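K.L.:
Taking the working numbering, the leading residue of the sequence shown gets 7, the next gets one more, and so forth. Even glycine gets a Cβ: it sits at the ideal position worked out from N, Cα and C. Here the structure is a predicted model, which is why all the values come from computation and not from measurement. Could you have a look at this structure, given as structure tokens, before my questions?
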Amino acid sequence: MYWDRENETMSRDELADLQLKKLKASVERTYNNVPFCRQSFEKKGVTPEDVQTLDDLRKLPFTIKNDLRDNYPFGLFAEPLDKVVRLQASSGTTGKPIVAGYTQNDIYLWANLIARALVMAGGTNKDIVQVGYGYGLFTGGMGAHYGAERLGATVVPVSSGNTDRQLMLMQDFGTTMLACTPSYALYLGEEGAKRGIDFTKMPLKAGVFGAEPWSERMREQLEQKLDIKAFDIYGLTEVMGPGVAMECQAKQGLHIFEDHFFAEVIDPETEEPLPYGKPGELVITSLTKEAFPVIRYRTRDITILNPEPCSCGRTHVRMQRITGRTDDMLIIKGVNVFPSQIESVLLEFGETEPHYLLVVDRKGNLDDIEIWVELSSEMFNDKVRKLEDLERRIFSRIHSVLGISVPIKLVEPQTIPRSEGKAKRIVDRREI
Ligand code: DLL
Numbered sequence: 007m008y009w010d011r012e013n014e015t016m017s018r019d020e021l022a023d024l025q026l027k028k029l030k031a032s033v034e035r036t037y038n039n040v041p042f043c044r045q046s047f048e049k050k051g052v053t054p055e056d057v058q059t060l061d062d063l064r065k066l067p068f069t070i071k072n073d074l075r076d077n078y079p080f081g082l083f084a085e086p087l088d089k090v091v092r093l094q095a096s097s098g099t100t101g102k103p104i105v106a107g108y109t110q111n112d113i114y115l116w117a118n119l120i121a122r123a124l125v126m127a128g129g130t131n132k133d134i135v136q137v138g139y140g141y142g143l144f145t146g147g148m149g150a151h152y153g154a155e156r157l158g159a160t161v162v163p164v165s166s167g168n169t170d171r172q173l174m175l176m177q178d179f180g181t182t183m184l185a186c187t188p189s190y191a192l193y194l195g196e197e198g199a200k201r202g203i204d205f206t207k208m209p210l211k212a213g214v215f216g217a218e219p220w221s222e223r224m225r226e227q228l229e230q231k232l233d234i235k236a237f238d239i240y241g242l243t244e245v246m247g248p249g250v251a252m253e254c255q256a257k258q259g260l261h262i263f264e265d266h267f268f269a270e271v272i273d274p275e276t277e278e279p280l281p282y283g284k285p286g287e288l289v290i291t292s293l294t295k296e297a298f299p300v301i302r303y304r305t306r307d308i309t310i311l312n313p314e315p316c317s318c319g320r321t322h323v324r325m326q327r328i329t330g331r332t333d334d335m336l337i338i339k340g341v342n343v344f345p346s347q348i349e350s351v352l353l354e355f356g357e358t359e360p361h362y363l364l365v366v367d368r369k370g371n372l373d374d375i376e377i378w379v380e381l382s383s384e385m386f387n388d389k390v391r392k393l394e395d396l397e398r399r400i401f402s403r404i405h406s407v408l409g410i411s412v413p414i415k416l417v418e419p420q421t422i423p424r425s426e427g428k429a430k431r432i433v434d435r436r437e438i
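The structure is reproduced here in structure tokens:
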């Protein structure tokens, strides 16, 4: 089953022609409408006319997360705000978020790509899709929602959290598809079992899981505990949100929706493109986005591309599930967390030293994080009440920056190990 058979199964030659046509138009528009893009082209001595073949894309400059920060909030938009109908956002590396804008057409495109993804997971207009991704600025909830509606399915926009209600609605409404983070899905499965729910007797048949790394081992558990087929969906705010790539029934990698996104894998050190089959950093160029086009966006996600034909009949290249990142971004409870964000909050407080550790663990199947912060020696001798107050203030600042609650543990001066090279800020005890 396909949502858009023509575009999903066209020959690779036809696809390359289509990509080149779209690429030229998008590069030209971006160059004309985004001053930052024009400047970075000028620095590299290139113009849109230099793009005559798909290979010519390599001549163009990369876009990196810092470029988004420097042009915060709307500086990279290629359309004026009166054409922008939606903003979404995710964490930046410091206090300010990464902002994505969408025109009416972008929203329509996004919904279509999610509908395509849901069909790949076996979805039809008869399905009841429970969206357990967070609604709001995060792209997961709204993205999945519009796509499920576009498919004609019945959407249950329950958003993330509130496990009792999730499980109740799942039973009462007869949910057939679940879209949420894989760790939360596993948690739902376990909590459901504790409450005596027999998932083999429920109509739930498929899960569309993404926004954080997961593994084959987790797939087995999810499929067994929830009695479903579990599929991996990939995307990122900078490029659109979920629906950049999706697994098909073959579950042998995620098809990148190449009629809308051009994918490269580069060596993160040399920045040179790598051949198919070699692991490296995924770089994406949007081909059709209007409000916020990206040229050679460095995702920091590590994967391998496979252009072999797939048994599902789709011709789009497949990426292996994401195996890591080239930076230190963590994904905690589905929220992207950069140690630098935490550092910049701690620097606001004179009472602590700039020595801290993020201790990440999995309790049950959910991520658990704690921040250990070293006290300055003056502060160390202070009254307990004062220390508690400091803890509370750090907690609430971190909460307002990250949007999640993170326990703060103040530790004695000189107890966090010093490092001679790169500071080690993260202790990650999770086994995924
Ligand atoms: O997480 C978009 C999304 C929502 C994808 C719902 C899938 C489902 P961001 O918050 O901008 O966007 O985070 C993007 O999350 O660069 C990856 O590091 C990671 N990520 C997203 N999907 C996957 C996945 C959304 N399937 C960042 N596997 C990306 C592994 C993923 N990592």
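Have a look at threonine 15 and arginine 320 and give me their C-alpha separation to the nearest angstrom.
P.N.:
The straight-line gap from Cα to Cα measures roughly 5 Å.
K.L.:
Could you check if tyrosine 139 belongs to the surroundings of the ligand DLL, using beta carbon to heavy atom distance under 7 Å?
P.N.:
Tyrosine 139: yes, Cβ under 7 Å from the ligand DLL.
K.L.:
Could you check whether the Cβ of asparagine 342 sits closer than 7 Å to any heavy atom belonging to the ligand DLL?
P.N.:
Asparagine 342: yes, Cβ under 7 Å from the ligand DLL.
K.L.:
Pull up the distance between the alpha-carbon of tryptophan 116 and that of glycine 149, whole angstroms please.
P.N.:
Distance between the alpha carbons of tryptophan 116 and glycine 149: 7 Å.
K.L.:
State the Cα-Cα distance for the pair isoleucine 301 and phenylalanine 42, rounded to the nearest angstrom.
P.N.:
Taking the straight line from one Cα to the other gives about 12 Å.
K.L.:
Which residues in the same chain have their Cβ closer than 6 Å to the Cβ of isoleucine 404, if we skip the five residues on either side of it in sequence?
P.N.:
Once the five neighbours on either side are set aside, the close Cβ partners of isoleucine 404 are Val351, Val412.
K.L.:
Whose C-alpha, out of Arg327, Trp220, Gly98, is nearest the C-alpha of glutamate 437?
P.N.:
Here the closest residue by C-alpha is Trp220.
K.L.:
How many Å lie between valine 125 and aspartate 10 at the Cα?
P.N.:
Approximately 10 Å, taken between the alpha carbons.
K.L.:
Taking 8 Å as the threshold (C-beta atoms), are leucine 82 and leucine 74 in contact?
P.N.:
Cβ distance < 8 Å, so leucine 74 and leucine 82 count as in contact.
K.L.:
Could you say if the stretch 249 to 268 and the stretch 157 to 171 meet the contact criterion of at least three C-beta pairs nearer than 8 Å?
P.N.:
Taking 8 Å as the limit for Cβ pairs, the verdict is that the stretch 157 to 171 does not touch the stretch 249 to 268.
K.L.:
Would alanine 217 and glycine 146 be called neighbours here (beta carbons separated by less than 8 Å)?
P.N.:
Result yes, Cβ atoms of alanine 217 and glycine 146 sit closer than 8 Å.
K.L.:
Please state whether the Cβ-Cβ distance between lysine 28 and leucine 293 is less than 8 Å.
P.N.:
Contact flag set, yes.
K.L.:
Going by Cα to Cα distance, which pick from Leu232, Gly356, Tyr114, Thr243 is closest to isoleucine 104?
P.N.:
Of the candidates Leu232, Gly356, Tyr114, Thr243, the one whose C-alpha sits nearest the C-alpha of isoleucine 104 is Thr243.
K.L.:
Check the C-beta distance from isoleucine 272 over to alanine 123 and give it rounded, since I have them as a contact under 8 Å.
P.N.:
Between alanine 123 and isoleucine 272 the Cβ distance is about 25 Å, and since that is not below 8 Å, they are no contact.
K.L.:
So tyrosine 303 packs on isoleucine 290, CB below 8 Å; how close in whole Å?
P.N.:
At roughly 5 Å, the Cβ-Cβ gap stays under 8 Å, so tyrosine 303 and isoleucine 290 are in contact.
K.L.:
Return yes when the Cβ of alanine 185 is within less than 8 Å of the Cβ of valine 214, no when it is not.
P.N.:
Yes, they are a contact pair.
K.L.:
For methionine 362, list the residues DSSP reports as bridge partners.
P.N.:
For the sequence presented, residue 362 should be read as tyrosine rather than methionine. DSSP output for tyrosine 362 lists Val379 as bridge partner(s).
K.L.:
Which of helix, strand or coil does DSSP assign to aspartate 373?
P.N.:
Correct three-state label for aspartate 373: strand.
K.L.:
Rounded to the nearest angstrom, what separates lysine 132 and tyrosine 139 at their Cα positions?
P.N.:
Each residue's alpha carbon lies about 21 Å from the other.
K.L.:
Can you tell me the Cα-Cα spacing of methionine 208 and glycine 286, whole angstroms?
P.N.:
Their Cα atoms are separated by approximately 41 Å.
K.L.:
Using the DSSP secondary-structure output, state which residues sit across from tyrosine 303 in a beta bridge.
P.N.:
Answer is Thr69, Ile290, bridged to tyrosine 303.
K.L.:
Near leucine 353, which residues of its chain fall below 8 Å by C-beta distance, leaving aside the five closest residues on each side in sequence?
P.N.:
Contacts found: Pro360.
K.L.:
Are the CB atoms of valine 407 and glutamine 347 nearer to each other than 8 Å?
P.N.:
In this structure, glutamine 347 lies closer than 8 Å to valine 407 by Cβ.
K.L.:
Which whole-angstrom value is the C-beta distance of tryptophan 378 and isoleucine 337, which I expect to be below 8 Å?
P.N.:
Between isoleucine 337 and tryptophan 378 the Cβ distance is about 20 Å, and since that is not below 8 Å, they are no contact.
K.L.:
Spell out the partners DSSP gives glutamate 270 in its beta bridges.
P.N.:
Answer is Val289, bridged to glutamate 270.
K.L.:
For the stretch 81 to 152, which segments carrying the beta strand (DSSP E) assignment without a break, of at least 3 residues, lie completely within its bounds, in sequence order?
P.N.:
Taking only runs of at least 3 residues, the beta strand (DSSP E) segments lying wholly in the stretch 81 to 152 are 90 to 96, 104 to 109, 134 to 137.
K.L.:
If we count Cβ pairs, one from each stretch, closer than 8 Å, do we get three or more for the stretch 361 to 373 versus the stretch 173 to 193?
P.N.:
Yes: at least three Cβ pairs fall under 8 Å.
K.L.:
Where does aspartate 265 fall in DSSP's three states?
P.N.:
Here aspartate 265 sits in coil by DSSP.
K.L.:
Sorted by chain position, which residues of the same chain lie with C-beta nearer than 7 Å to glutamate 229's C-beta, five sequence neighbours on each side aside?
P.N.:
Contacts found: Lys235, Ala236.
K.L.:
Count the other C-beta atoms from every protein chain shown that fall within 10 angstroms of the C-beta of proline 315, then say buried if there are 16 or more, exposed otherwise.
P.N.:
Exposed, because fewer than 16 other Cβ atoms sit within 10 Å of the Cβ of proline 315.
K.L.:
Secondary structure at methionine 16, three-state DSSP: helix, strand or coil?
P.N.:
In this structure, methionine 16 counts as coil in the three-state DSSP scheme.
K.L.:
As a quick exercise: from Leu288, Leu364, Thr276, Val91, pick the residue whose alpha carbon is nearest that of alanine 269.
P.N.:
For alanine 269, the nearest C-alpha among the options comes from Leu288.
K.L.:
Less than 7 Å separating the Cβ of isoleucine 239 from some heavy atom of the ligand DLL?
P.N.:
Isoleucine 239 Cβ: within cutoff of the ligand DLL.
K.L.:
I'd like the span of the alpha helix (DSSP H) that includes proline 248, first residue to last.
P.N.:
Run containing proline 248: none in the alpha helix (DSSP H); it sits in the beta strand (DSSP E), 247 to 253.
K.L.:
If you reduce the DSSP assignment to three classes, tell me which class leucine 184 lands in.
P.N.:
Correct three-state label for leucine 184: strand.
K.L.:
By the 10 Å Cβ neighbour count, where 16 or more other Cβ atoms means buried, how is serine 317 classified, buried or exposed?
P.N.:
Flag for serine 317 reads exposed.
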